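Below is one structure; the comments refer to it alone.
Numbering (the working numbering), first residue to last: 28 to 78.
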């Protein structure tokens, strides 16, 4: 079972969204996130993905 994180970064009335550039989700918009590595906390995953 995979574990993933997803966050939405807000600045005032703006939200950062990413436009996916690889199939099968090419062209879709999403927040920032990714797969949680073994032994990694969800918070650490989000910080890594943001960096």
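Backbone N, C-alpha and C define an ideal beta-carbon position, used for all residues, glycine too. Being a predicted model, the structure only gives us computed values, none of them experimental.
Check                                                                     : Outcome
Residue 42 burial status per 10 Å Cβ neighbour count (16 or more: buried) : exposed
Straight-line Cα distance separating residue 31 from residue 64           : 9 Å
Residue 38 (DSSP reduced to helix, strand or coil)                        : strand
Separation of residue 47 from residue 40, as counted between CA atoms     : 22 Å
Span of the beta strand (DSSP E) around residue 59                        : 59-62
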